Amino acid sequence: MSNWITVCRQEDLSPSTGLCALHQGEQVAIFFCGQTSDLYAVSNYDPIGEANVLSRGLMGSLGDAVVVASPLYKQHFNLKTGECLEDPEHKLKTYPIRLESGEVQLQAA
Amino acid sequence: MSKQRVVVVGNGMVGHKFIDNLVNDTDADQYEIVTFSEEPRLAYDRVQLSSYFSGATAEDLAMTDEGYYNDKGVNFVLNDKVSELNTTENYVVTESGRKESYDKLVLATGSFPFVPPIPGNDQEHCLVYRTIEDLEAISASAKQSKVGVVVGGGLLGLEAANALKAAGLETHVVEFAPRLMAVQLDEGGGTLLRRKIEDLGVNVHTEKATSEIVAGETCRYRMNFADGSHLETDMILFSAGIRPQDELARQFDLEIGERGGIVVNDNCQTNVDNVYAIGECALWEGRIYGLVAPGYTMAKVAVSHITGGADQFKGADMSTKLKLLGVDVASIGDAHGNTPGAQSYTYNDEIEQVYKRLIVSEDGKKVLGAVLVGDVEAYGNLLQLMLNDMDLPENPAGLILPAGDGEAAAGLGVDALPDSAVICSCYDVTKGDLQKAVAEGATDMGGIKAATEASTGCGGCAALAKQVLDSELANLGYEVKNDICEHFAYSRQELADIVRIKKIKTFDELLESHGQGLGCEVCKPAVGSILASFWNDYVLEDAHIGLQDTNDIFLGNMQKDGTYSIVPRVAGGEITPDKLIVLGEVAKEFDLYTKVTGGQRIDLFGAQLHELPIIWKKLVDAGFETGHAYGKSLRTVKSCVGSTWCRYGVNDSVGFAINLEDRYKGLRSPHKIKFAVSGCTRECAEAQCKDIGVIATENGWNLYVCGNGGMRPRHGDLFATDLDDETLIKYVDRVLMFYIRTADRLQRTSVWLENLEGGLDYLKEVVIDDKLGLGEELEAEMEASLGNYQCEWKTTIENPEKLKRFQHFINTKEGDDSLAYVVERGQRRPATKEERIQSVELVD
Ligand code: SRM
Ligand SMILES: Cc1cc2nc3c(=O)[nH]c(=O)nc-3n(C[C@H](O)[C@H](O)[C@H](O)COP(=O)(O)OP(=O)(O)OC[C@H]3O[C@@H](n4cnc5c(N)ncnc54)[C@H](O)[C@@H]3O)c2cc1C
Ligand code: SF4
Ligand code: FES
């Protein structure tokens, strides 16, 4: 049976911006889409800019993909798959995430 | 049928072009190609050779590689010179003894630098400028030298001088003729070029014939000149012209011109039918072409002749446009006006240092040639008029007069060009070729380059090619799209109008009514900026927060390691000792790297997210405000000390700068805006390179607009003179609001003005004459926006809800544990990757 860990509350989310949670020793960037209310979770580490910053990037869409643009050098990462659109060699780790009675939860490894 | 053997002697730019054309020909499989190069590498871009000094590597310059030749079945032998030629038995022999027979022989041996026969010219630090190996030798010599001389003030000589100067040497150019670039420029042009180059610190000596090179007293060598004078130097670069490399042809009985060069006909054949010569070694109708474009044409002609085609070489245009030591220079056609009956127009501006001469035919109808120094914008137009033998416009002088003042420069619409007009001479691309590329789907310059190679050589044709592209797109009924991104089918200007007129207050409202998708990092900040320009709400409101780049969300600029910088406003650059002490104390407490910025204020680097509010609380308590260093907004108003202290100052530049900074602070705009105020014409505040520049006069203020430093510097234009404070502010309100309404996303005022139809005159009409009747409306909009000013940091630290965001993790108070620093010159800075790896090893 899978185990879910609460990292923050729904009120902590602001529409279409990210935040970062420390989850089992890993930095996870969490995004909440204001228009669709979808939640996304990917690694906070920008493999191209080499810093823990992705939660502070701008969220948006490119075609059908929901993406975050790195705040350092603006590459786009697909929030669903973690893939970098400009450079598919770079792929972020993604994390299962859910909203459960007002709590934002990440799945335990 | 067995394959024909084609031997190509020389693998330079033209030899390679020949091979590349042949292997891509439809009949390519009928030929077997062997090429020999005396150099240790395959063809590289000699035209860009000088970029080797600014960091380009041999790989960057390479025009092909072994893999490509292998794929195409081209045999190549490097480092082996062809030393023997037998045109009766059809074979060549190399220095290493290799013998190769041929059906067709192509000589593409180029040329070699001419070294004048001066006694002492063969010493260790006497060098030439032709190959990568030459450049390596020059670099090595420059490291052991303080002074360098280039012998030869032609095109290549000046390029070489640039390299010596960049290497930090005291640089001299010694020229035998009375002026620089005597081949391409007339006296007026040569004189101005000399002045400009001397202003850059290169010493020019004309009419000097070197008689000998002997040991020096203060430097390594002394050059003695025929007139009895001398010059001491540590190294000498000979760039006194090129000579065709015709050694082989000469020794083995091919026809050679009187002054050298292998004689060829219109098919590029020598006097022996199956031997061709192309490129700089070939002499056609008594001429050697020392440029790459004619060589490429010859390569094409030779391939055509060998494969049974009908192309012929019919001469080539030698017009050139280049930047020498940063000075723009161009020469077209008959630059010296040697054609009988030639007449000319001359424009000579000694203040701005621009010289232009237009040479026209006896009947005044056609362009024969031109010389342009300091401003070469007219090059494309003039060249096309000449090449296509087009009639001059009614007032030909307009072609070389500066635009803007009085009537606009007489332009030449690309539509007027015939389809056969060659737009890119490097790759022989015509207007028709470009049209075809557009018809086949190219819609931007990237597409044009990929399809035609236009603009991928010297780059001189880029502006013209873009004009053809735009006009073609328009002709084909494409709207030349300036949609901001895939989410809005509007330009920034249109979005600004929509927001202003429909009074839209949030991004979501705009997206729902006029857009699609979720938005992106292009449209979100742009719309955020428009909303802020007109309504100036607090940028961290819930409705706006998702629009901001991280810099605006956290009210600081993100640094490479994810930390932020802190730049408090220091209006006009004036700061009290007490406030300076506060900055010092805060920096010390939080161990922030401290630096004085180029904008006359102080930047504190390396603050982590959770530290930002604590630090800003201390600063706000001490009376500081945010400096908006992160925003597309007013940055700084630089000032000079002005009349309060300076003995020359005629007005209080500091006081006025502070007033202006206080007035416009917080104004959001399409891009950042910078001002400066100088106290007199000595201009110590460098106001003329700012978006808004103000210079005190005896009678008030002179206002300059739309200057820019940065990537593409532009001096501001004088907009109005002797203004009082109120009028100046009125004009600035109007100029800036008009800019905010009409500029593109991330377009500085300089580029905006350059793209504004009607230019400076039009802007003056709108602002000073109020031609559109918008003046008061623009001022009112500015008042409204400025009236909503708040220090975003003050608002933020007073709002506990907003402060929650200033935390690296939402679920713990810890900071980012991956940050690492080293101390340098007494302060910390981010550790480099190597330093991080080392420290991990040390710990383990
Ligand atoms: C700190 C400073 C350099 C310094 O140590 O002196 C600086 C630092 C940056 N500059 Fe600058 N510029 C600084 C003065 C200048 C100046 C000089 C001036 O203002 O007199 C110029 C040329 C003048 C001009 O803008 O016309 C300048 C031309 C640029 C440009 C090129 C703009 C252009 O139009 O070409 C950029 C890039 C951009 O804005 O797109 C840039 C961008 C940047 C950024 C924002 C790059 C970035 O995104 O990280 C740097 C962020 C600094 C930070 O983290 O706080 N910076 N920058 C200077 C801050 C001045 C201040 O007090 O606000
Ligand atoms: C610094 C510099 C800047 C320049 N800038 C421009 C510019 O802006 N615009 C422009 O149009 N042109 C410019 N040129 C000129 C341009 O580089 C030449 O026109 C072009 O390289 C000529 O090509 P080519 O193939 O005829 O000769 P090269 O490129 O010289 O090639 C000839 C090759 O043949 C080899 N070779 C010679 N003899 C033998 C032999 N017997 N056996 C084997 N190999 C042999 C040589 O070693 C050389 O590698 C510049 C040149 C220099 C040096
Ligand atoms: S610009 Fe004039 S007033 Fe200002 S410091 Fe220079 S000389 Fe003095
Ligand atoms: S003319 Fe040189 S690249 Fe086009």
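These protein sequence lines are chains A and B, in that order.
Residues in the first sequence are numbered from 1 upward in steps of one, following our numbering.
Residues in the second sequence are numbered from 1001 upward in steps of one, following our numbering.
Glycine is no exception: its CB is placed at the ideal position from the N, C-alpha and C atoms.
Just so you know, these numbers come straight off a predicted model, no measurement behind them.
Just to confirm, does residue i get its C-beta within under 7 Å of one of the non-hydrogen atoms of ligand 2?
| i | result |
| --- | --- |
| glycine 1432(B) | no |
| glutamate 1066(B) | no |
| lysine 1081(B) | yes |
| valine 1014(B) | yes |
| serine 1111(B) | yes |
| alanine 1137(B) | no |
| valine 973(B) | Chain B is shown only over 1001 to 1844; residue 973(B) falls outside these bounds and no answer can be derived. |
| alanine 1108(B) | yes |
| asparagine 1021(B) | no |
| glutamine 1251(B) | no |
| glycine 1010(B) | yes |
| glutamine 1245(B) | yes |
| glycine 1152(B) | no |
| alanine 1293(B) | yes |
| glycine 1315(B) | no |
Pull up the distance between the alpha-carbon of residue i and that of residue j, whole angstroms please.
| i | j | result |
| --- | --- | --- |
| lysine 91(A) | cysteine 84(A) | 6 Å |
| alanine 1058(B) | serine 43(A) | 39 Å |
| valine 1147(B) | alanine 1137(B) | 16 Å |
| valine 1150(B) | aspartate 1122(B) | 15 Å |
| alanine 1496(B) | isoleucine 1553(B) | 22 Å |
| leucine 19(A) | cysteine 1706(B) | 39 Å |
| threonine 1320(B) | tyrosine 1593(B) | 49 Å |
| glutamate 1589(B) | glutamine 1827(B) | 13 Å |
| threonine 1832(B) | glutamate 1100(B) | 55 Å |
| threonine 1233(B) | proline 1117(B) | 19 Å |
| aspartate 1549(B) | leucine 13(A) | 17 Å |
| alanine 1462(B) | valine 1438(B) | 15 Å |
| aspartate 1578(B) | arginine 1569(B) | 15 Å |
| cysteine 1684(B) | serine 1653(B) | 11 Å |
| histidine 1808(B) | isoleucine 1614(B) | 14 Å |
| aspartate 1433(B) | alanine 1450(B) | 12 Å |
Within 8 Å of any Cβ in chain A, is that where the Cβ of residue i sits?
| i | result |
| --- | --- |
| isoleucine 1553(B) | yes |
| cysteine 1646(B) | no |
| glycine 1631(B) | no |
| glutamate 1834(B) | no |
| aspartate 1537(B) | no |
| phenylalanine 1605(B) | no |
| asparagine 1271(B) | no |
| lysine 1524(B) | yes |
| phenylalanine 1053(B) | no |
| histidine 1808(B) | yes |
With burial defined as no fewer than 16 other Cβ atoms inside 10 Å of the residue's Cβ, what is the status of residue i: buried or exposed?
| i | result |
| --- | --- |
| valine 1074(B) | buried |
| asparagine 1557(B) | buried |
| glycine 1649(B) | buried |
| lysine 1771(B) | exposed |
| glutamine 1144(B) | exposed |
| arginine 1098(B) | exposed |
| threonine 1131(B) | buried |
| arginine 1357(B) | buried |
| aspartate 1816(B) | buried |
Can the beta-carbon of residue i be found less than 8 Å from the beta-carbon of residue j?
| i | j | result |
| --- | --- | --- |
| serine 1239(B) | glycine 1154(B) | yes |
| glutamate 1187(B) | arginine 1194(B) | no |
| cysteine 1281(B) | glutamine 1245(B) | yes |
Is residue i near ligand 5, in the sense that its beta carbon is under 7 Å from a heavy atom of that ligand?
| i | result |
| --- | --- |
| asparagine 1121(B) | As far as ligands go, the structure on display features ligand 1, ligand 2, ligand 3 and ligand 4 and does not contain ligand 5. |
Step through the CB atoms of chain B and report whether any lies within less than 8 Å of the CB of residue i.
| i | result |
| --- | --- |
| threonine 17(A) | yes |
| leucine 58(A) | yes |
| asparagine 3(A) | no |
| proline 88(A) | no |
| glutamine 35(A) | yes |
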